[in-house]
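Colleague: Counting along the sequence shown from 1, when you hit position 37 you're at 49 in this note's numbering, and nothing is skipped either side. Let me begin by handing over the structure; questions about it come next.
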Amino acid sequence: WEMAAEQGVLESRFPKLEEGRIPLLDDSHVAMSVNLDACIQCGLCVRACREIQVNDVIGMSGRGHDAYPTFDMADPMGESSCVACGE
């Protein structure tokens, strides 16, 4: 942020994340929690769950900028069929 301030950039040209649009923290599972605040919608978690672990629990909901990973049918992680493999 210091470099941006030195160049006179006061605000980002990208829109802020709307409150409530994407759930940010899911700590419903005993072993792990999921924070989607840093998610860049790359889909690697979906591929690892489907192709490496062959569980097919994680999927993407929404489209484009509104896409985010979900467990089963938008269930919290603790209530889904996730086995917490860590992939």
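Ideal Cβ positions, reconstructed from N, Cα and C, are used throughout, including at glycine. Note that the coordinates shown come from a computational prediction; the quantities given were computed from them, not determined experimentally.
What did DSSP end up calling V112 once you bin it into helix, strand or coil?
Modeller: Residue 112 is absent from the model: the chain starts at 13 and stops at 99.
Colleague: How long is the line joining the alpha carbons of N47 and C94, rounded to whole angstroms?
Modeller: Within the sequence shown, the letter at position 35 stands for residue 47. Within the sequence shown, the letter at position 82 stands for residue 94. Spanning the two alpha carbons is a distance of roughly 16 Å.
Colleague: Would you grab the beta carbon distance between G71 and T82 for me? Rounded to a whole angstrom, and I think it's under 8 Å.
Modeller: In the sequence shown, the residue the question calls residue 71 occupies position 59. In the sequence shown, the residue the question calls residue 82 occupies position 70. Indeed they touch by this definition, with Cβ atoms about 6 Å apart.
Colleague: Taking the C-alpha atoms as reference points, what is the distance between Y80 and D68?
Modeller: Within the sequence shown, residue 80 is the residue found at index 68, counting from 1. Within the sequence shown, residue 68 is the residue found at index 56, counting from 1. Their Cα atoms are separated by approximately 16 Å.
Colleague: Drop a sphere of 10 angstroms on the beta-carbon of D38, count the other beta-carbons inside from all chains shown, and report buried for 16 or more, exposed for fewer.
Modeller: In the sequence shown, counting from the first residue as 1, residue 38 sits at position 26. Label assigned to D38: buried.
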